[in-house]
């Protein structure tokens, strides 16, 4: 992990204001499911949304070279 990624991760953890993308997701979810989910359930979904947004930003931060190929994981087979 390079220094920029580490700095960005710490900034995200220390930042008290919510990420704009998470706010957008939560707004849409409240409009669609506001009558079906409790506040605790929305909080739980909000935490999951934060984790997904953070993971997507972490993935975007990885620079790939022109010749980098996808990584494949062979399936586990119990013989």
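Residue numbers (this note's numbering): 12 to 90. All C-beta atoms in this analysis are idealised placements derived from N, C-alpha and C, irrespective of residue type, glycine included.
Could you tell me if residue i is buried or exposed, where buried requires 16 or more neighbouring beta carbons within 10 angstroms of its beta carbon?
i, result
"residue 60", "buried"
"residue 38", "exposed"
"residue 86", "exposed"
From which residue to which residue does the alpha helix (DSSP H) around residue i run?
i, result
"residue 61", "50-72"
"residue 33", "31-44"
Hey, residue i and residue j are a contact pair by Cβ (cut 8 Å); roughly how many whole angstroms apart?
i, j, result
"residue 64", "residue 32", "5 Å"
Who are the near neighbours of residue i in its chain, counting only those whose CB is closer than 7 Å to its CB and skipping five residues on each side?
i, result
"residue 90", "none"
Go through its chain and collect everything with a Cβ distance to residue i's Cβ below 6 Å, but skip five positions before and after it.
i, result
"residue 73", "none"
Who are the Cβ neighbours of residue i in its own chain at under 8 Å, not counting the five residues just before and after it?
i, result
"residue 56", "37, 40 and 48"
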